[in-house]
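Worksheet for the structure shown next.
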Amino acid sequence: MDEAKQIVTDIKKGNIKPIYFLMGEEPYYIDRISDYIAENVLSEEERGFNQMLIYGRDSNVEDIVSNAKRYPMMAERQVVIVKEAQDLSRTIEKLVDYAENPQPTTVLVLCYKYKKLDKRKKLHKAIAKTGVIFEGKRLYENQVADWIMKTMKARGYAVSPKAAQMLVEFLGTDLGKIDNELQKLQLICPEGTTITPEIIEENIGISKDFNNFELRKAIGERDSLKAHRIINYFAQNPKDNPLVVTISLLFSYFSQILQYHGLPDKSKQAVAKQLKVSPYFVSDYVLAARNYPMKKASHAISLLQETDVKSKGVGAANVSQGDLLKELLVKIMN
């Protein structure tokens, strides 16, 4: 995030490089940087003759180099953007000669998604000298809630930790998908608003009371009544609450409880760092660890593994997902 911001800041200051190689598993910032270059390096009048969009699957390295070596028309520079450049992965090293001596009046942007250049190869070394190499790294699930809060803070909004966690559990770790929902909230809520679970529920359709986050919390607190209410809701809405997701999240939860038991340092910051959770939620894990000693937490993991096997039809061919969850809950909390 900081590296992407620095690239944009440098461009704003006029420090524009001849090559931008944008690569990595997370496409969100690759798109953001390339879109910024497309919209800001040239004026609207200059783009007609001096901005070109090429797709890797429809082109080759020789064509890209040929276009990059053109001179701009009635402008200081031209912009050549190559989308889906990863489709050229087998021949991308042919770009070495150009990368070593790029056209100074061309801004060549290569969007190389879901793959990376080999740092040992000549191309990586050449671009590192003459241009910019950016790697978009996929965030871990425990990092996405913080990303949501930081992103919205930069836009003039606050997001409660629970609201951020609800978005992660419902939308996953796809930053592009999450940002689409955040932008919808920005259209609805005035700047300065704190995004709460109630706002998420009303505008995105995620229940603030009946979700996997609240189920884990209820189980951790040994609140059987609340947990059964959530399970019943899941049973009535199986498409929105797939069993495989619930089992996976509960497995991670009890694995973290086991990990907590083995920590020599149980201070708030140490627990947050080791369990990879927000410090805001550490107290939930402390309570859950009291309610589930190591033996019980280990047993819960075994029960989750059994339920996962049953959910695939092994030994429980005619049992509904709702009934499997109810059976699991009773066994875990007894």
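So the sequence shown is residues 1 to 334, counted in UniProt numbering.
Ideal Cβ placement from N, Cα and C applies to all residues, glycine included.
| Item | Value |
| --- | --- |
| With distance defined between alpha-carbon atoms, name the residue in Asn211, Arg216 and Ser252 nearest to Gln236. | Asn211 |
| Compare the Cα-Cα distances from Ile16 to each of Leu325, Ser160 and Arg77 and report the closest residue. | Arg77 |
| In chain order, what residues of the same chain lie with their CB nearer than 6 Å to the CB of Pro238, ignoring the 5 residues before and after it? | Gln321 |
| Could you compute how far the alpha carbon of Ile195 sits from the alpha carbon of Met149? | 10 Å |
| Under DSSP, the beta strand (DSSP E) around Glu25 begins and ends at which residues? | That residue, Glu25, is in no beta strand (DSSP E); it is neither H nor E in DSSP. |
| Would you call the region 178 to 188 and the region 213 to 224 touching, i.e. three or more CB-CB distances under 8 Å? | no |
| Give me the Cβ distance between Leu123 and Ala99, rounded to the nearest whole Å; I'm assuming they're in contact under 8 Å. | 6 Å |
| Counting only runs that start and end within the region 107 to 160, where is the beta strand (DSSP E) found for 3 or more residues in a row? | 132 to 135 |
| Leaving out five residues before and five after Tyr260 in sequence, what residues of the same chain have Cβ atoms less than 7 Å from its Cβ? | Val271, Leu275, Tyr285 and Ala289 |
| When DSSP builds the beta bridges, which residues end up paired with Thr194? | Ala158 |
| Taking the alpha-carbon positions, what's the Met87 to Gly56 distance? | The question names Met, but residue 87 is Asp in the sequence shown. Rounded to the nearest angstrom, the two C-alpha atoms are 5 Å apart. |
| If we ignore side chains and look at the alpha-carbon of each, how far apart do Ala227 and Ala218 end up? | 5 Å |
| If you reduce the DSSP assignment to three classes, tell me which class Met294 lands in. | helix |
| Classify Leu328 as helix, strand or coil using the three-state DSSP reduction. | helix |
| To which residues of the same chain is residue 337 closer than 6 Å at the C-beta, ignoring the five residues directly before and after it? | Because the chain here runs from 1 to 334, residue 337 falls outside it and cannot be looked at. |
| Take Asp308 as the anchor and find which of Val244, Leu182 and Ser267 has the nearest alpha-carbon. | Val244 |
| Taking the alpha helix (DSSP H) that Tyr71 belongs to, which residues open and close that run? | Element bounds for Tyr71: n/a, residue is neither H nor E. |
| In its own chain, which residues sit with a C-beta less than 8 Å from the C-beta of Ala145, not counting the 5 before and 5 after it? | Pro161, Ala164, Gln165, Leu167, Val168 and Ser278 |
| From Asp142 to Met52, what distance separates their C-alpha atoms? | Just to set this straight, residue 142 is Asn in the shown sequence, not Asp. Distance between the alpha carbons of Asn142 and Met52: 39 Å. |
| In the DSSP assignment, find the unbroken alpha helix (DSSP H) run with Arg233 in it and report its ends. | Position check: residue 233 holds Tyr in this sequence, whereas Arg was assumed. That run of the alpha helix (DSSP H) goes Ser224 to Gln236. |
| With a CB to CB cut of under 6 Å and the five nearest residues on each side skipped, what residues in its chain are close to Ala300? | Phe254 and Ile332 |
| Going by beta carbon distance, what residues of the same chain come within less than 6 Å of Ile200, once the five residues before and after it are set aside? | Ala163, Met166 and Ile206 |
| Contact defined as beta carbons within less than 8 Å: I believe Phe251 pairs with Asn241. What is the distance between those atoms, to the nearest angstrom? | Actually they are not in contact, since the Cβ atoms of Phe251 and Asn241 sit about 16 Å apart, beyond 8 Å. |
| Gln305: which of Ser248, Phe281 and Val319 sits nearest, CA to CA? | Ser248 |
| Measure from the alpha carbon of Asp2 to the alpha carbon of each residue in Phe134, Pro102 and Glu46, then state which is nearest. | Phe134 |
| Taking 6 Å as the limit between beta carbons, can you name the residues of its chain near Glu181, skipping five residues before and five after? | Ile204 |
| If I measure Cβ to Cβ from Arg216 and keep anything under 6 Å in the same chain, skipping five residues before and after, which residues do I get? | Tyr253 |
| Among Gly176, Val107 and Lys5, which has the Cα closest to the Cα of Ile19? | Val107 |
| For Lys129, is the classification buried or exposed, using 16 other Cβ atoms within 10 angstroms of its Cβ as the cut-off for buried? | exposed |
| Classify Ile206 as helix, strand or coil using the three-state DSSP reduction. | coil |
| What's the gap between the Cα of Lys113 and the Cα of Gln256? | 32 Å |
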